[in-house]
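Asker:
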Amino acid sequence: MKKKILLVEDDLLLRKGLKTMIEMRGGFSIDADTGSGKEAVRLFGMLHPDIVLLDLMLPDISGTEVLRQLKQVAPNVPVILLTICEDNELLFQALALGANAYVLKGSGPEELFLGIHYSMKNEMFISPKLAKIIVEDYLLVNHHRNSLPPLHNLTSREKEIVKLIIDGNKSREIAEILFISIKTVNKHRSNILVKLGIHNLSELRQGKPYVLETISGIN
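Residue numbers (UniProt numbering): 1 to 219.
(1) To the nearest angstrom, how far is the alpha carbon of Asn-219 from that of Ser-190?
(2) Take Glu-123 as the anchor and find which of Pro-109, Asn-200 and Tyr-102 has the nearest alpha-carbon.
(3) For Asp-60, I'd like the list of residues in its chain whose CB is within less than 7 Å of its CB, leaving aside the five on either flank, ordered along the chain.
(4) Could you give the residue range of the alpha helix (DSSP H) that holds Thr-83?
(5) Taking only the alpha-carbon atoms, compute the straight-line gap between His-199 and Leu-193 and give it to the nearest angstrom.
(6) Going by DSSP in three states, Lys-187 sits in which element: helix, strand or coil?
(7) Per DSSP, which residues does Asp-50 bridge with? Please list them.
(8) Using the three-state DSSP reduction, which class does Ile-131 fall into: helix, strand or coil?
(9) For His-188, count neighbouring Cβ atoms within 10 angstroms of its own Cβ and tell me buried if that reaches 16, exposed if not.
(10) Quick one: Cα of Leu-43 to Cα of Leu-81, how far?
(11) Does the Cβ-Cβ distance between Ser-107 and Lys-132 come in under 8 Å?
(12) Run the CB neighbour count on Val-185, radius 10 Å, all protein chains shown included, and call it buried at 16 or more, exposed below.
(13) Within 10 angstroms of the Cβ of Leu-53, are there 16 or more other Cβ atoms? Answer buried if so, exposed if not.
(14) For chain C, find out if any of its Cβ atoms is closer than 8 Å to the Cβ of Lys-170; answer yes or no.
(15) Grab the span of the beta strand (DSSP E) containing Met-34 for me, first residue to last.
(16) Between Ile-116 and the rest of its own chain, which residues show a CB-CB distance below 7 Å, the 5 nearest in sequence each way excluded?
(17) Look at Leu-47 and Ala-99 and say whether their C-beta atoms are less than 8 Å apart.
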C-alpha cells in the first residue's frame, strides 16, 4: 500500500518536479500539494497523510509554525523539512518542534528519499552538508570553552561588568548603568584582568556566546 504524502512547497515548478519524482519512485502517492502554510494545516486535518514534505519558507505563515501545528495534532506523523537555509538556529528550532528530517533543496533526490526512509523508521536524518556544519560548530564551541579563562574566580559585580564590556559598553556607560563611579569601574576592570590572566578585556569578545553562557551558569 502506497504511503500518502502531503507536499507543501510554494515554488510551483519545484513542487511539480518533486511530485513527479516521488510518484515515479514508487511506494508513494502525493495525495495533496499546496504552496500555502494555512492550506497545509487544513489539508493535513482533512486527509491524514502518512508523511509531510514541508518547505520552511512559505508566503503566509512560516514553515516552523506549520510544523508546530501539525505536531500538536499528530506528533507521530513524520515531517521532512525542505529548505535552502543553512542556519543552525533555524535547524535546532525545527528539530525542537519535532521535525524528523532536514533536507537541503538541490542536494539531490537520494537525500530526500533517505530523509523519508529514516523518518518512517522514527530516526533522524540531516543533509550531510548541514551535519558537517553542526559538527564544526560543536568543535568550535568546545575549543572556546576549553580555552576560557577561570571565570568562576570573578565576583558577582565583576561578572556584571564583564557582561557589559563584551556587549560593547565603555567605562562611562558601565558606571551609569551600575550607578557607580568611573574610577570604581576601572578598578574592577584591573582586577578582572589580573584574575583572568589576560591583557585586554576585548579578548573576551571573541568568545562572547561562550563567555556569557559560562558566566550565566556560575552562581
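We put the CB at the ideal spot given by N, CA and C, even for glycine.
In this text the structure is predicted, and so the values were computed from the model without any measurement.
Answerer: So, to answer that:
(1) Confidence is the limiting factor: at Asn-219 the pLDDT is only 42, short of 50, which leaves the residue's position unreliable and the question unanswerable from this model.
(2) Tyr-102
(3) So the qualifying residues of the chain are Ser-36, Gly-37 and Lys-38.
(4) No alpha helix (DSSP H) contains Thr-83, which is instead part of the beta strand (DSSP E) from 79-83.
(5) 6 Å
(6) helix
(7) According to DSSP, Asp-50 bridges with nothing at all.
(8) Strictly speaking, residue 131 in this sequence is Ala, with Ile absent from that position. Helix at Ala-131.
(9) Residue burial annotation: His-188 is buried, with at least 16 other C-beta atoms found within 10 angstroms of its C-beta.
(10) Distance between the alpha carbons of Leu-43 and Leu-81: 17 Å.
(11) no
(12) buried
(13) It is buried - the Cβ of Leu-53 has at least 16 other Cβ atoms within 10 Å.
(14) The question asks about chain C, but that chain is absent: this structure has only one protein chain.
(15) According to the sequence as given, residue 34 is Thr; it is not Met. First-last of the beta strand (DSSP E) with Thr-34: 28-34.
(16) Closer than 7 Å at Cβ, skipping near neighbours: Ile-51 and Ile-80.
(17) Judged by beta-carbon spacing, Ala-99 lies beyond the 8 Å limit of Leu-47, meaning their Cβ atoms are not closer than that value.
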